[in-house]
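Protein chains in written order, with this note's numbering: chain P, 7 to 343; chain L, 144 to 449; chain E, 6 to 521; chain Y, 10 to 364.
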Amino acid sequence: MTTVTTQPPVERPKIARSRRYAVNTRYVPVLATLVLFGVMYGIGIANYEGFSDTQVLLNVFIDNAHLLTVAIGMTFVILSGGIDLSVGSVLALGTVIAATLLKAGWNPFVVILIVLVVGALIGLAQGAIIHFFDIQPFIATLAGLFLARGIAQLISTKAVGITDEFWTTTATERIHFGGFRLSPSALIAIVLAIAAALALAYTRFGRNTYAVGGNAQSAELMGLPVARTRVLVYTLSGLCAALGGVLYSFETPTGNSLTGTGMELDAIAAVVIGGTLLSGGSGFLAGTVLGVLVLGLIQTMITFQGTLSSWWTRIFIAGLLFAFILLQRIVTRREPT
Amino acid sequence: GCGGDSGSGSGNDDGKITMGFAQVGAESGWRTANTKSIQESAKAAGIELKFSDAQQKQENQIKAIRSYIAQKVDVIAFSPVIESGWDQVLKEAKDAEIPVILTDRAVDSKDTSLYETFIGSDFVLEGKKAGEWLVEDSKAAKGPVNVIQLEGTTGAAPANDRKSGFADAIKADPKIKVVASQDGDFTRAKGKEVMEALLKAHPEANVLYAHNDDMGLGAIEAIEAAGKKPGVDIKIVTVDAVKDGMTALSEGKINFIVECSPLLGPQLMDLAKQVVDGKKVEKRILTEETTFTQEQAKAALPDRKY
Amino acid sequence: MGEPTPAQEPILEMTGVGKVFPGVVALADVDFRLYPGEVHALMGENGAGKSTLIKVLTGVYDIDAGSIRLNGEDVRFSGPLQAQRAGISTVYQEVNLCPNLSVAENIFIGREPRRFGAIQWRRMRRRSAELLRGLDLDLDVTALLGSYSIAIQQMVAIARAVDISAKVLILDEPTSSLDASEVEQLFAVMRRLKREGLAIVFVSHFLDQVYDIADRMTVLRNGKRVGEYRVAELPQAQLVSAMIGKELAVLEELEEQEKPSTAALEQGEPVLAATGVARKGAIEPFSLTIHQGEVVGLAGLLGSGRTELARLLFAADKADQGTFSFGTDTVSMRGPRTAMEHGVAFSSENRRTEGVVGELTVRENIVLALQASRGWARPIPRGRQDELVDKYIKALDIRPANPDTQVRNLSGGNQQKVLLARWLITEPKLLIVDEPTRGIDVGAKAEIQRLLAQLSGDGMAVLFISAELEEVLRLSHKIAVLRDRRLVEQLDNTDDVDVDRILATIASGSATGEDS
Amino acid sequence: MSRLAPIVRHRLFWPAVALVLLLVSNLFFSADFFAVRIKDGHLYGSLVDILRGSTPLVLVALGMTLVIATAGIDLSVGSVIAIVGAVACLRVSELDDQNSVTGVLAAVAVAVVLSLVLGLWNGVLVAAVGIQPIIATLILLVGGRGIAQLITDGQIINVRSSPYRTIGAGYALTIPVAVIIAAAVVAVAVLLTRRTALGLLIESVGSSPTASRLAGIQARRLTLIVYVFSGFCAGVAGLIYSSNISSADGNNAGALIELDAILAVVIGGTALTGGRFSIAGSVLGAVLIQTLNITIYTAGVPGRFTLLFKAVVVVVLCLAQSPTFRTKVFGRWRRSKPPTAGPTPGAPAPAEVAA
Ligand SMILES: Nc1ncnc2c1ncn2[C@@H]1O[C@H](COP(=O)(O)OP(=O)(O)OP(=O)(O)O)[C@@H](O)[C@H]1O
Ligand SMILES: Nc1ncnc2c1ncn2[C@@H]1O[C@H](COP(=O)(O)OP(=O)(O)OP(=O)(O)O)[C@@H](O)[C@H]1O
Ligand SMILES: [Mg+2]
Ligand SMILES: [Mg+2]
């Protein structure tokens, strides 16, 4: 065996090495989504009268405030490499609890607090089961889906109307600026989105979420608080879903155990359309906002189209979704691997 | 001009009435028949119909109504997905001076000025009719009358109401007992599956009450597979009176059907014209509905549209 | 057994440590002592239990028996986080970082510089760039870690661990893909830390490195401690026999073996000829011909493009330009399958993500490539599988020798052997091996070198990549030198070619005048 | 104890226990639950119902298993069921003689081909275009039901065809035809995956796509095959489903079956992250879910409690199945009994390592 030279005999050449991809490819999916969203909006304007009114765009925010809220929580979960199927049910449970308590004459702020706490607790339980007992997120949150809706049905199988003063005024309230209107719900959702984006980019919790999603095992070995991050992510998602319930019950002042069926898919779709990888670790909150807007815009286009029969509505949604995703894929496509 | 004598159709200068209709969805054959009826009678009545499908989501329905308000239609009609939570958007319609007609399902708003009228069936009454027929029919019966009930989707208004109406009516006869009551989700497949299991768990059952025809039709398959005769060994009462149900009724496989007609298009169009003309209409209009025995079904079947 | 005279109390003391995995006793009654200010080498064959000892210590695995004392206090960590908080910073064997985060983040995540709770990205980038420069690395710290080669990732992991100024630093095979100068950078840092009083655990299969840097060592064999020695008091030969439990004589054999001359080989049929092949951002146009029975070694520094070149030849990455011909046919390379159809095999340097499939068993991993080329409809009969698998488990001494073990549960070195076996059973005409001896112990390494030499003697062509230049020199007939993602020279491995000569070529670059 | 250990550790042990428990619990509500009689020349009884009733789910879960093994997911199965049922029933209902066997076979053939096409559509989107599976199949989930409704015009299409009815509700040799069909498809799948190398290659692609590609596996083709197979399975399930009720319900057929199917797969021990899969496990999972449903009916669990009941069963089952849970909750208690004694150095075990 020859000895390894411990001292390089020749002066080591200085090489600017391994400088890779000049453009930061991380932003490509989000940018592409943004551009395609613009294109879609343009198509809407070209085809439908009155579509160009900026208020139409703001209405998308107003109409989808709850979905955005839910999708924000979902973004954290998906970034961490998990999935949360329980959000739609937790949202429904939130509306039912709120409606029932309000009917019993509780203070609206206490009610909101209780709803949020319940949502967070459900999320916490799911996160704990997933992390500490090594249960697949899909299953744990599917059980959560059954559980939350089950509790909601237990509380009331009938839809409960909300007549609380605070609720109804918040529902009708519109924040005016420069001739445009936003609902308080939309404002809350937007503020939450900004806060979440900042949290993802500028807090340890946010970065840990990415790390856990990239490779949970490595994150553990790097000494990151994987347990805390995982549990917190699901707690956050539960909290967001419950908040979504509150916002939803502002817009449609009812507590109904059947609301939000399939909303988990909408939320997941919004997140994934926004360029976030379902396998975790890669994506941005801005993408999620765009994803929600895309889904909302599709819905708006259908309303403007106006004459679609029920089944054509579905086919039309699928078609638009397909066109969008296909284009997005083509735009962001790099080499085949 | 079917558009009628009213040159005063608000907003539109062509005098034609524009109606925005926000449908619940296309969750059942009943619903699609309802949609068809509305579309066809709108055409026949010369009313321009803007139609949207909410896919069972209240939020979508609210969105659709808002967009009808924005488009300044002459009249808005909709079948609420659920009863509560409509005050806000109805207020908006009222502020825009657009009359609203509810179809099929009611809303629970205290302020009834928010809508002009509600046309539709009374689900509680339907349940009651079913129950009353059973009480009548059981008079002759010696032994206990053991009922299996196939409920509609848990939490849905028709399911809740048809259950409670039925329960009220059968109180009249202590012989009648509901031995099992299960969610059959309004579908044939579920109706069959649930019935298969219940027949084995409750061999003593001799009556089936299904919240709609479809579940009843599924249950018939299960009953036949169990070697019993539907309509004889097990008497069957259902609600809806769709064509398939009526066929089974005329064949003697069902004993009694309470009609819940989806064909309220013509009535709706009439009302719309009156409302747009500013005429006062009844707050609550029941759809013209009846009940069918086996003989009546044989007679009615040839004219059955759906 | 050379007992050290403890000048002070050990900072870390493990006594009677035991760890059992289902079917395998990984550690049994192992004692281990670590003193401040020393570099302590942990030695042993593949599967001896080195990594397990480290994982048991840092709480990755629950400990089955024994005790751990840190600074005289009994401790038991629930995980790396706790261990880190207690002052133990670890680089685990396989690179365990997050490929989806930037280089800077990978260094700082969990301890990012913050102000008012918000991460200061700019400061983080600056500090990580500085830190890497201290290791003589000039990287774009905003790029994703995953876009860098394994070697660079290894350096980043080291930078991270070193910067977590701890009392104990554990490095599990940090040098396995590093070239000599990188190793030297690392050693400089280690010496500095040692002077500062840090205790360092160092695992390596490069005996020379161990003798260069370590003060004492603990030798493990089959999960048991053989002994604890002062490095200065234990000659290499004795160390090797302590590790493997017998004398080693294979290495000498190889040295003596007569190699056919390049000229003679070039008479033979070219197996693969690449002409003007290039890929944007990866490697400049190059031409390379490999003949039957020829071993071509690739030499170059980290990131010089060796891996890229190899990947292009296997069509793991698609070439933008140039032509490939096998024998006399020019072939358009559509993917690894095309290459495999023409008898090319490629064992990746990145064994964990591009090599073995951890979830599958040893048997399944070994037959995978052969099966893939046969297509799914023609399964390899079980008897034939057993025959092949048993043969290579024996030949490469894969442990545990149970073909139904999940590969993920194998030690790093044994995984590498499985990967190699996968390709050897396909009986390729050209075997491309990127760092095939990474993390492999001395005995097995000699065995693999012998095997490669023998196979090339039988007519197989080999493209050999290794960070260890000596190894390249020992095996190759021809050495292709890369620099800066460009093939700069192809040298016949004659007597006058040695490590210095190659380093000189790398340094001067344009020996063939292709440079502009 | 030690001889039982391997059985207890088998990954299907807990689902099997749950299945047995559920079945036995039915005895409380229906005394002759286990009775199987011959009635009208065929087997009749709750167990037969469960088997027959679970066939659509078994089939869908079977296709889903292979998709999930490649680390994918197929949300569109419910829509495929609806479309296939709609097309088959429409064609049968248009026959001059609905009882003509050839006519029914032709309709079935068209429907099956259609299911393959739908599977191919998903496969192309995932494998060739490279769209994330959940989104790729979401398109068909949303649009497919629209298509099914378009075909049926939103109505329920009735057929009165005894050959067609045989598929889902008929019997052959006293056994339900649906069970025979499902068993045949499962057997073919098992043979294809375990007697050829297909299973190994799928598992490899699912666990590590990069490593598989570099081992020369044509992952794309495999992925495509797997989605086509899933489409096929859903298609057959659609035939059984619609034949069972002699009608096509474009609105409701197969709604939400994807969730049950995924649940069955996961209960059966296949991880959603891909890799190792167990067809037997999925079949067991599907039967378990059907048994759970039937138990709910038999036990008379009121509608408003069903979801809670399901949630509890799923949680308990998952926890029982999770080795981590068992060691964390019961392991500590068990371990504390014998004082922590490490393996004695002289034990024969080290020899194993050296072997
Ligand atoms: N998670 C595990 N499950 C089962 N067996 C394991 C596991 N981890 C390690 N082993 C076994 O424990 C033994 C020791 O492995 P370890 O990784 O400690 O070896 P090592 O000395 O680090 O080897 P190398 O030099 O190849 O890295 C091996 O036989 C290995 O197969
Ligand atoms: N286009 C690409 N996309 C993603 N990864 C790439 C790409 N090109 C190269 N790589 C990765 O970069 C690594 C090669 O980096 P590097 O330039 O350091 O090669 P090298 O000369 O072989 O270095 P080393 O000496 O470490 O082997 C490979 O592991 C390869 O997977
Ligand atoms: Mg190791
Ligand atoms: Mg390399």
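Quick reminder that beta carbons are idealized off the backbone N, C-alpha and C, glycines included. All figures in this text were calculated on a predicted structure; none of them were measured in a lab.
Among residues of its own chain, excluding the 5 on either side of T304 of chain Y, which ones have a beta-carbon nearer than 7 angstroms to its beta-carbon?
Around T304 of chain Y, the same chain offers L31, S34, N35 as residues with beta carbons nearer than 7 angstroms, after the five sequence neighbours per side are excluded.
Quick check: is the beta carbon of A206 of chain Y nearer than 8 angstroms to any beta carbon in chain E?
Closer than 8 angstroms to some Cβ of chain E, the Cβ of A206 of chain Y qualifies, so yes.
Give me, in chain order, the residues of the same chain whose beta-carbon lies closer than 6 angstroms to that of A134 of chain E; leave out the 5 immediate sequence neighbours on both sides.
Within the same chain, A134 of chain E has close Cβ partners V146.
Quick one: does Q311 of chain P have its CB under 8 angstroms from some CB of chain Y?
By this cut-off, Q311 of chain P is not an interface position.
So which residues of chain E does A201 of chain P contact, with C-beta pairs closer than 9 angstroms?
In chain order: nothing, as chain E lies at least about 12 angstroms away.
Would you please verify whether the beta carbon of I165 of chain Y is less than 8 angstroms from any beta carbon of chain L?
Using a Cβ-Cβ cut-off of 8 angstroms, I165 of chain Y counts as an interface residue toward chain L, since at least one Cβ of chain L sits closer than that to its own.
Cβ contact (3+ pairs, closer than 8 angstroms) linking the stretch 314-334 of chain E and the stretch 506-514 of chain E
Touching, no.
Would you say R404 of chain E touches ligand 5, meaning its beta carbon is less than 7 angstroms from a heavy atom?
In the structure shown, ligand 5 is absent; the only ligands present are ligand 1, ligand 2, ligand 3 and ligand 4.
Can you tell me which of the three DSSP states A270 of chain Y falls into?
In the three-state reduction of the DSSP assignment, A270 of chain Y falls in the helix class, which pools H, G and I.
Which runs of the beta strand (DSSP E) fall wholly inside the stretch 171-196 of chain P and span at least 3 residues, in chain order?
The qualifying runs are 181-183, 186-188.
Mind checking whether I163 of chain E and P179 of chain E have CB atoms under 8 angstroms apart?
Yes, the pair counts as a contact, with Cβ atoms nearer than the cut-off.
Does T235 of chain P pass the burial test, meaning 16 or more other C-beta atoms within 10 Å, or should it be called exposed?
Flag for T235 of chain P reads buried.
Is V206 of chain E near H45 of chain E, with beta carbons less than 8 angstroms apart?
A Cβ-Cβ contact shorter than 8 angstroms links V206 of chain E with H45 of chain E.
Is the closest heavy atom of ligand 3 to the C-beta of D446 of chain E under 7 angstroms?
Every heavy atom of ligand 3 is 7 angstroms or more from the Cβ of D446 of chain E, so no.
Using only the alpha-carbon positions, how far apart do D391 of chain E and A38 of chain P sit?
Distance from the CA atom of D391 of chain E to the CA atom of A38 of chain P, rounded to whole angstroms, is 51 angstroms.
Counting only runs that start and end within the stretch 64-90 of chain E, where is the alpha helix (DSSP H) found for 4 or more residues in a row?
Counting only runs of 4 or more, we get 85-90.
G309 of chain Y beta carbon less than 8 angstroms from that of G294 of chain Y:
In this structure, G294 of chain Y keeps its C-beta atom at 8 angstroms or more from the C-beta atom of G309 of chain Y.
For the stretch 319-335 of chain L, which residues have a CB atom closer than 7 angstroms to at least one CB atom of chain Y, in sequence order?
Within the stretch 319-335 of chain L, the residues whose Cβ lies closer than 7 angstroms to some Cβ of chain Y are A323, Q325, D326, T330, R331, A332, K335, listed in chain order.
Please list, in chain order, the chain L residues whose beta carbon lies closer than 8 angstroms to that of D317 of chain P.
According to the sequence displayed, residue 317 of chain P carries Trp and not Asp. Per Cβ cutoff of 8 angstroms: A169.
When every heavy atom of ligand 1 is checked, does at least one fall within less than 7 angstroms of the C-beta of S209 of chain E?
S209 of chain E: no, Cβ never under 7 angstroms from ligand 1.
Assign F435 of chain L to one of two classes, buried (16 or more other C-beta atoms within 10 Å of its C-beta) or exposed (fewer than that).
Under the 10 Å beta carbon count, F435 of chain L is surrounded by 16 or more other beta carbons and is classified as buried.
Please report whether the beta-carbon of V151 of chain Y lies at a distance below 8 angstroms from any beta-carbon of chain P.
It does: the Cβ of V151 of chain Y has a partner Cβ on chain P nearer than 8 angstroms.
Rounded to a whole number of angstroms, what is the C-alpha to C-alpha distance between G87 of chain Y and S63 of chain Y?
Spanning the two alpha carbons is a distance of roughly 15 angstroms.
Measuring straight from C-alpha to C-alpha, what distance separates K199 of chain E and E189 of chain E?
If you take the alpha carbons of K199 of chain E and E189 of chain E, they lie about 15 angstroms apart.
Using a Cβ cut-off of 8 angstroms (strictly closer), state whether L74 of chain P contacts chain Y.
Against chain Y, the CB of L74 of chain P has no partner CB under 8 angstroms away; the residue lies outside that interface.
Can you tell me the Cα-Cα spacing of F115 of chain P and A104 of chain P, whole angstroms?
Rounded to whole angstroms, F115 of chain P to A104 of chain P spans 10 angstroms at the Cα level.
Do the CB positions of L40 of chain P and L296 of chain P come within less than 8 angstroms of each other?
Contact flag set, yes.
Under 9 angstroms, CB to CB, which of the residues in the stretch 268-302 of chain Y have a partner in chain P?
Those would be L268, I271, L272, V275, I276, A280, L281, T282, in chain order.
Per DSSP, which one or two residues make a beta bridge with H51 of chain Y?
Its beta-bridge partners are Y:K48.
Using the rule of at least 16 other Cβ atoms within 10 Å of the residue's Cβ for burial, across every protein chain shown, is P546 of chain E buried or exposed?
In the structure displayed, chain E extends from 6 to 521; residue 546 of chain E sits before or after that span and is not available.
Can you tell me where the beta strand (DSSP E) with V385 of chain L in it begins and where it stops?
No beta strand (DSSP E) contains V385 of chain L, which DSSP labels as neither H nor E.
Using a threshold of 7 angstroms, is the CB atom of F26 of chain E nearer than that to any non-hydrogen atom of ligand 1?
Because some heavy atom of ligand 1 lies under 7 angstroms away, the Cβ of F26 of chain E counts as near it: yes.
Looking at G240 of chain Y and G263 of chain Y, is the spacing between their C-beta atoms short of 8 angstroms?
Their beta carbons are not under 8 angstroms apart, which means G263 of chain Y does not touch G240 of chain Y by this criterion.
Thinking C-beta only, is F144 of chain P closer than 8 angstroms to I89 of chain P?
Cβ atoms of I89 of chain P and F144 of chain P: closer than 8 angstroms.
I need the straight-line Cα distance from G263 of chain L to R154 of chain Y, nearest angstrom please.
Here the alpha carbon of G263 of chain L sits roughly 28 angstroms from the alpha carbon of R154 of chain Y.
Could you name the residues of the same chain whose beta carbon sits closer than 8 angstroms to that of K346 of chain Y, not counting the 5 residues immediately before and after it, in chain order?
Here K346 of chain Y scores only 39 on pLDDT, less than 50, and its place in the model should not be relied on; the value that follows carries that caveat. There are no such residues.
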